[in-house]
Ligand code: SF4
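In the working numbering, the protein residues as written are 5 to 444.
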């Protein structure tokens with residue numbers, strides 16, 4: 005059997021694509037191997053790239069540099085460069101890495117088996133279509149874990165001025181609900197205890213295309229009807245696409261977890277407008293208030309970017325103050341990184357110096373830590389259900405870690421590996437990023 009290794013950079017969408025590739029490769033007779041250390045450890049090397057930041061793009065090219073050297077020793081080795089950088093850079097990849105056999109954009113993943121055959125026969129192949137190649141019925145080979153990531157939408161129509169996703173993943177499309185439901189059932193049959201419905205804007209599911217009689221709320225209600233004990237999550241939500249119906253669905257459906265990931269990006273309404281986000285500070289705060297009022301124990305997490313072109317000190321302070329005021333449970337933070345093709349990348353005259361961006365990032369990271377600690381404090385003394393997702397030993401103590409329904413990480417000292425089990429835990433302590441608990 006031939007050996008394959010896939011290195012995955014970036015978000016859950018890429019991880020999900022990698023599972024799809026492994027599923028196809030399994031069918032084609034390949035076996036998955038651990039990270040190769042030399043030229044003969046694998047027959048096929050695939051890098052699934054991310055272009056959200058310049059750093060990830062540089063990492064992809066630096067990584068395959070080593071693989072290119074291996075190819076000099078082992079000319080039969082095949083190298084595939086796929087994912088978002090492939091989609092965005094196209095043929096330029098061959099110029100920077102002549103040893104690559106296949107450059108495959110995100111839209112061509114469904115024809116990978118055919119493309120692979122061609123490179124196996126010695127052809128150099130370029131597949132980077134403008135529109136997605138239709139989905140085929142191919143089983144996924146999921147990474148063994150308790151949570152299965154299930155894409156429900158792909159692409160994005162929002163064109164936020166800093167974001168490359170609409171250029172690398174294309175226009176928004178929703179997957180067939182029956183295929184999604186079948187995938188959920190299969191994942192549960194395979195032993196997964198949680199499913200996360202995934203999309204760049206998961207809450208715009210069904211808005212356009214062939215399934216407009218569906219929306220995220222209906223899909224959640226259908227999945228909730230599936231028998232058995234399991235959890236349902238969904239991410240990422242666009243603030244103004246969160247409807248009252250969706251909030252009510254989270255309340256009504258026992259398997260749907262109480263958490264929303266709603267990127268805000270900036271606390272300044274002026275910057276939000278420049279980012280082409282379709283809400284202002286007050287509207288975002290109102291959405292948070294509404295969800296908190298209705299959904300008990302809900303966790304609301306967010307994303308923030310500092311140093312967007314032209315961001316003044318006062319506008320940055322608005323981001324800091326909104327984080328403080330809304331007491332968000334956790335936030336992913338980043339400093340602005342210009343991405344080719346995007347509108348903001350052309351605002352060169354208004355770029356913020358790197359040292360200022362880094363300073364601002366440090367400040368909001370501290371605020372984020374404070375928010376997390378505060379959010380965790382609320383749960384000390386409470387009893388919560390935890391789904392265990394890993395087991396390890398540190399300094400002679402065996403620990404199970406898992407997540408509550410609202411996605412809080414809990415560490416539970418216990419001799420027995422309980423991975424995949426739902427347990428009731430009394431929260432008896434906390435750190436910034438996690439809770440401590442004991443079995444009850
Ligand atoms: S909503 Fe904006 S940030 Fe999110 S994927 Fe679409 S363009 Fe990018």
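All C-beta atoms, glycine included, are put in the ideal place defined by N, C-alpha and C. Owing to the predicted nature of the structure, the values given are computational and were not obtained by experimental measurement.
Does DSSP put residue i in a helix, a strand or coil?
| i | result |
| --- | --- |
| residue 22 | helix |
| residue 74 | helix |
| residue 27 | helix |
| residue 69 | helix |
| residue 346 | coil |
| residue 269 | strand |
| residue 444 | coil |
| residue 259 | coil |
| residue 111 | helix |
| residue 314 | coil |
| residue 322 | helix |
| residue 186 | helix |
| residue 377 | helix |
| residue 157 | strand |
| residue 171 | helix |
| residue 99 | helix |
| residue 90 | helix |
| residue 50 | strand |
Could you tell me the distance, in whole angstroms, from the CA atom of residue i to the CA atom of residue j?
| i | j | result |
| --- | --- | --- |
| residue 370 | residue 332 | 13 Å |
| residue 126 | residue 43 | 18 Å |
| residue 134 | residue 114 | 14 Å |
| residue 185 | residue 413 | 28 Å |
| residue 300 | residue 262 | 8 Å |
| residue 92 | residue 320 | 30 Å |
| residue 435 | residue 298 | 28 Å |
| residue 361 | residue 173 | 28 Å |
| residue 409 | residue 265 | 14 Å |
| residue 364 | residue 288 | 22 Å |
| residue 203 | residue 24 | 16 Å |
| residue 343 | residue 58 | 7 Å |
| residue 252 | residue 241 | 15 Å |
| residue 230 | residue 188 | 9 Å |
| residue 165 | residue 63 | 24 Å |
| residue 328 | residue 138 | 45 Å |
| residue 119 | residue 176 | 25 Å |
| residue 157 | residue 422 | 33 Å |
| residue 367 | residue 285 | 20 Å |
| residue 81 | residue 71 | 9 Å |
| residue 396 | residue 132 | 42 Å |
| residue 400 | residue 359 | 42 Å |
| residue 136 | residue 340 | 29 Å |
Which partner residues does residue i have in the DSSP bridge list?
| i | result |
| --- | --- |
| residue 17 | Its beta-bridge partners do not exist; DSSP assigns none. |
| residue 338 | 309 |
| residue 357 | Partner(s): none; residue 357 has no beta bridge. |
| residue 407 | 391 and 413 |
| residue 178 | 157 |
| residue 151 | 198 |
Beta-carbon separation of residue i and residue j under 8 Å?
| i | j | result |
| --- | --- | --- |
| residue 5 | residue 117 | no |
| residue 154 | residue 192 | no |
| residue 150 | residue 130 | no |
| residue 97 | residue 48 | no |
| residue 124 | residue 67 | no |
| residue 442 | residue 432 | yes |
| residue 267 | residue 218 | no |
| residue 424 | residue 197 | yes |
| residue 171 | residue 402 | no |
| residue 54 | residue 15 | yes |
| residue 206 | residue 163 | no |
| residue 56 | residue 227 | no |
Exercise. Are at least three pairs of beta-carbons, each pair with one atom in the stretch 384-396 and one in the stretch 343-354, less than 8 Å apart?
Worked result: no
For this session: Could you say if the stretch 244-258 and the stretch 309-326 meet the contact criterion of at least three C-beta pairs nearer than 8 Å?
Result: no
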